[in-house]
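Participant:
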DNA sequence: AATCCGGGGGA
DNA sequence: TCCCCAGGATT
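Residue numbers (the numbering used here): 26 to 330.
#1: What first and last residue would you give for the alpha helix (DSSP H) that runs through residue 75?
#2: Have a look at 199, 137, 112, 175 and flag the residue whose alpha-carbon is nearest the alpha-carbon of residue 262.
#3: Taking the beta carbon of residue 248 as the centre, do at least 16 other beta carbons fall within 10 Å, making it buried, or is it exposed?
#4: Let's see if you can read the secondary structure: which residues bound the beta strand (DSSP E) around residue 322?
#5: Going by CA-CA distance only, name the one from 166, 266, 289, 133 that's closest to residue 149.
#6: Give me the Cβ distance between residue 113 and residue 330, rounded to the nearest whole Å; I'm assuming they're in contact under 8 Å.
#7: Would you be able to state if there are at least three C-beta pairs under 8 Å between the segment 211 to 225 and the segment 171 to 178?
#8: Count the other C-beta atoms from every protein chain shown that fall within 10 angstroms of the C-beta of residue 29, then say buried if there are 16 or more, exposed otherwise.
#9: Rounded to a whole number of angstroms, what is the C-alpha to C-alpha distance between residue 296 and residue 135?
#10: State the CB to CB distance for the pair residue 160 and residue 133, rounded to an integer number of angstroms; the pair is presumed to be in contact (CB under 8 Å).
#11: May I ask which residues mark the beginning and end of the alpha helix (DSSP H) holding residue 167?
#12: Checking the sheet assignment: what are the DSSP bridge partners for residue 290?
#13: By Cβ distance below 6 Å, which residues in the same chain neighbour residue 170 in space, the five residues on each side in sequence not counted?
#14: Could you check how far apart the C-beta atoms of residue 74 and residue 93 are, in whole angstroms? I think they sit under 8 Å.
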């Protein structure tokens, strides 16, 4: 080592993991912890690309515990993209019950249609092609590429962004987080690495009450729970939402839930949605129709065929 | 950059 | 109650 070379461990530039040796140590520590303690989730391991895509669509803004049982029944019913593409969109929306964000069901159905008609029924490997699928953004495209196809890319979700900000001890923009994540991807089993980072964020390096005393990579962490949380001012953090009680989202949700059970005649929509303002219900019903979430059948609203 | 989109669980 | 959740699309 040349005289005067800075010790990257104390590099004030904010790149504490730029040193290859430190990077390798971080990878070794985290992967060892992951292989020792990982939850056995149905889409991990040798899951096929379609299963990975389905799981990632379901996991968008939705906790693992809620996805697991629905994922199982969904995959049993539609084991391939062509199988899902052949189903009526309304049945997919019905099967989405319990997950929320029902538009994801429509988008997944549309993605299955594209995969079937344009990609021979096989989930694409190319990042750009993946990201062009409905409902597939920067995160999901990389998740599928890494987890299903073994590509050396780094999916950055809310967990990974938080972990990286804390490891580096500084707030990270969206682009900066992706850059740091890319720089850390190991050549061997990049999928496991991505899973390990998310697992750490989900179980140890949590948003609210991080368990730094149990963290396998605490020795490599610039933050360690001391002082202001660098993740708090980073991109990817959850945004405050409008109040749900009384919102359009709530009424929409009730409307779609009612349609899962049966078509609802127009005059009964208000009662079915538990919303006395009939004009409001009509507006929301029309919006559902406009985006393909429902259809008018004579005088009744129903899920699309 | 802000909003919209669901709904449930944890602190 | 408030906050968070393996985000993406639209405006």
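Beta carbons are placed, not taken as given, at the ideal position from N, Cα and C, and that holds for glycine. Values in this document were obtained by computation on a predicted structure and should not be read as measured data.
Facilitator: Taking the definition as stated:
#1: The sequence position of residue 75 within the first chain is 50, counting from 1. Run containing residue 75: 74 to 84, per the alpha helix (DSSP H) assignment.
#2: On the first chain, position 237 is the one that residue 262 refers to. Of the listed residues, the one whose Cα sits closest to residue 262 is 199.
#3: Taking the first chain and counting its residues from 1, the one referred to as residue 248 is at position 223. When all chains shown are included, residue 248 counts as buried.
#4: For the purposes of this step, residue 322 is identified with residue 297 of the first chain, where counting begins at 1. Here the beta strand (DSSP E) through residue 322 covers 320 to 322.
#5: Taking the first residue of the first chain as position 1, residue 149 is located at position 124. When each option's Cα is compared against that of residue 149, the closest is 166.
#6: Your numbering for residue 113 matches position 88 in the first chain. Your numbering for residue 330 matches position 305 in the first chain. The pair is a contact, with the Cβ atoms about 5 Å apart (cut-off 8 Å).
#7: yes
#8: Counting from 1 along the first chain, the entry for residue 29 is found at position 4. With a pLDDT of only 33 at residue 29, under the threshold of 50, the placement of this residue in the model should not be trusted, and no figure is reported.
#9: Here residue 296 is taken as the residue at index 271 of the first chain, counted from 1. Here residue 135 is taken as the residue at index 110 of the first chain, counted from 1. The straight-line gap from Cα to Cα measures roughly 31 Å.
#10: Walking along the first chain from the start, residue 160 turns up at place 135. Walking along the first chain from the start, residue 133 turns up at place 108. That pair is a contact at about 6 Å.
#11: Mapped onto the first chain, residue 167 falls at position 142. That run of the alpha helix (DSSP H) goes 163 to 168.
#12: As a working note, residue 290 is residue 265 in the first chain. Per DSSP, 325.
#13: Along the first chain, read from residue 1 onward, the residue named residue 170 stands at position 145. 152, 176, 178, listed in sequence order.
#14: Working through the first chain from its first residue, we reach residue 74 at position 49. Working through the first chain from its first residue, we reach residue 93 at position 68. Their Cβ separation, rounded to whole angstroms, is 19 Å, which puts residue 74 and residue 93 out of contact at 8 Å.
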